[in-house]
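Before any comments, here is the structure.
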Amino acid sequence: MEYNDVMQKIVSLAKRRGFIFQGSEIYGGLAGTYDYGPLGSLLKNNIKDSWLKKFVHSRTDMYLVDAAILMNQNVWRATGHVDHFSDPLVEDLKTNKRYRADNLIEDNGFSAVGLTPSEMTKFIQEKNILSPEGNKLGEVRQFNMMLQTKVGASEDSAATSYLRPETAQGIFVNFKNVVDSMNPKMPFGIAQIGKAFRNEITPRDFVFRLRELEQMEIEYFVKPSAWSEYFEYWKDEMMEWMTSIGLDMKKVHDVEIGDGDRAHYSSRTIDFEFEYPFGQKELYGLAYRGDFDLSRHTDGSGQKLQYVDQGEEGSDVFVPHVIEPTFGLDRTVLALLISAYREDTMGEEARVYLALSPKMAPYKLAVSPLLKNKPELVEKAKNLFGTLKSEFGNVIFDDNGNIGKRYRRQDEIGTPFCVVVDFESLEDDSVTVRFRDSGAQERVTIHDLISYFKEKLA
Ligand code: GAP
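The sequence shown begins at 18 in our numbering and counts up one residue at a time.
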């Protein structure tokens, strides 16, 4: 299978089966925005649940917050986002269309790693790199990616606010609130899941590069001397979670980011890159942010953001250092769909299925009557559906088309098990359970079905 072929197939499956739609589609769309449909929303929530379970609920050192998207503009001045949160922009001199300069350089088979805007301008001229339309390009300059808005009825500059470009700052500005209200012991973390916004110059590659995205972030506060130990610890934790949700770990690579390429706040970063069909690119990041954010906000706000460690020999007052594991939710959805996408032949018929783990699959089970025009089968199947749904939640009743078509449809959305009520069921109170990946079938009595699936879905 060609790689771009896979991408096209995934985009088309995502739309056809209700995972992901173009944002504002009936109005021609809005670039860089996508809407998650019924199945995509379930998948996304399964990812969030699994993340919360591992990184928040099963730990005693993690505090969850849900901060506002709109923040005082001074937050972004203090952190340097107003001055530095930018990407290199270059303009087609004929059409005036704008592109990301580093992307254009890379699309032409070169590396833009470590190049400043003026070096990129020189490089583009030397290599005679043209716009996608074949026209000459202008000077490369920095373009700030924060989306600005005005809060309230006033139009003056004091009303300017930004839609947060990362969820992280909602955590840092609440550091003191969490310490004062929860009295956490060092080390501890604050976690948040939420939307972030970036005015990307060229949103592309489906939900890979969006203007409205969702992040799952942790800021883990440690004693300054302990940062490298926790950096390694979080690297392992991230890999463990990626494996647990079913990402294809052969496609995941950790890449140390060099000095010139790290974000302005980071003094060490590892990117977890994924082999997407359009190339190996960032999936998640792990950054050592030192005391950058807490110190900047102390300077900016005048509030002391520090930690007082009460030991037996007196108190130790310090500004904690921060390890930041960050996970893009939309890229997780995309990487999971790519990891799970399969084509094979079953019963001499080509089929597509998503080999999602039962925990990630939008529906855990599909319940069907063998024939939809036999009331006694339908009634028994509906009763069983009610029982299984109240036990397992995301269970679907499917009586569309014939049984073969239902299997194909459930395969395509990744439902791991189909339960079919047939004529034998009326006699012996048993049902057929059909497995998605192998197509194998097993007979199970209704009496045992809940414990049977509890084990299979664990
Ligand atoms: N707080 C640190 C931070 O925001 P980042 O590497 O800029 O770091 C974190 O972003 C994660 O957010 C990325 O690893 C990626 O998964 C996701 N992400 C970033 N920009 C994105 C975009 N335009 N569209 C979709 N996901 C994006």
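Backbone N, C-alpha and C fix where the C-beta goes; we use that ideal spot for every residue, glycine too.
Distance between residue j and residue i (C-alpha atoms, nearest Å)
{"i": "residue 68", "j": "residue 372", "result": "20 angstroms"}
{"i": "residue 387", "j": "residue 269", "result": "42 angstroms"}
{"i": "residue 216", "j": "residue 225", "result": "14 angstroms"}
{"i": "residue 444", "j": "residue 395", "result": "15 angstroms"}
{"i": "residue 452", "j": "residue 435", "result": "7 angstroms"}
{"i": "residue 262", "j": "residue 344", "result": "13 angstroms"}
{"i": "residue 36", "j": "residue 458", "result": "27 angstroms"}
{"i": "residue 234", "j": "residue 292", "result": "22 angstroms"}
{"i": "residue 460", "j": "residue 404", "result": "18 angstroms"}
{"i": "residue 176", "j": "residue 163", "result": "15 angstroms"}
{"i": "residue 408", "j": "residue 475", "result": "13 angstroms"}
{"i": "residue 336", "j": "residue 242", "result": "11 angstroms"}
{"i": "residue 174", "j": "residue 63", "result": "41 angstroms"}
{"i": "residue 333", "j": "residue 72", "result": "28 angstroms"}
{"i": "residue 467", "j": "residue 406", "result": "11 angstroms"}
{"i": "residue 111", "j": "residue 152", "result": "6 angstroms"}
{"i": "residue 3", "j": "residue 102", "result": "Residue 3 lies beyond the stretch modelled for the chain, which goes from 18 to 475, so this question has no answer here."}
{"i": "residue 327", "j": "residue 266", "result": "42 angstroms"}
Rounded distance between the beta-carbons of residue j and residue i, thought under 8 angstroms
{"i": "residue 339", "j": "residue 236", "result": "5 angstroms"}
{"i": "residue 348", "j": "residue 300", "result": "5 angstroms"}
{"i": "residue 425", "j": "residue 359", "result": "That pair is no contact at about 13 angstroms."}
{"i": "residue 346", "j": "residue 232", "result": "7 angstroms"}
Sub-7 angstroms separation of residue i and residue j beta-carbons
{"i": "residue 283", "j": "residue 313", "result": "no"}
{"i": "residue 120", "j": "residue 146", "result": "no"}
{"i": "residue 378", "j": "residue 433", "result": "yes"}
{"i": "residue 118", "j": "residue 130", "result": "no"}
{"i": "residue 239", "j": "residue 204", "result": "yes"}
{"i": "residue 190", "j": "residue 92", "result": "yes"}
{"i": "residue 80", "j": "residue 199", "result": "yes"}
{"i": "residue 354", "j": "residue 27", "result": "yes"}
{"i": "residue 208", "j": "residue 181", "result": "no"}
{"i": "residue 133", "j": "residue 156", "result": "no"}
{"i": "residue 319", "j": "residue 95", "result": "no"}
{"i": "residue 49", "j": "residue 38", "result": "no"}
For residue i, the nearest candidate out of the options (CA to CA)
{"i": "residue 211", "options": "281, 419, 65", "result": "65"}
{"i": "residue 439", "options": "399, 408, 412", "result": "399"}
{"i": "residue 122", "options": "112, 105, 110", "result": "105"}
{"i": "residue 417", "options": "392, 391, 385, 397", "result": "385"}
{"i": "residue 192", "options": "408, 471, 83", "result": "83"}
{"i": "residue 448", "options": "455, 30, 402", "result": "402"}
{"i": "residue 310", "options": "72, 32, 188, 41", "result": "188"}
{"i": "residue 179", "options": "264, 255, 113, 98", "result": "98"}
{"i": "residue 40", "options": "172, 154, 230, 288", "result": "230"}
{"i": "residue 420", "options": "113, 410, 390", "result": "390"}
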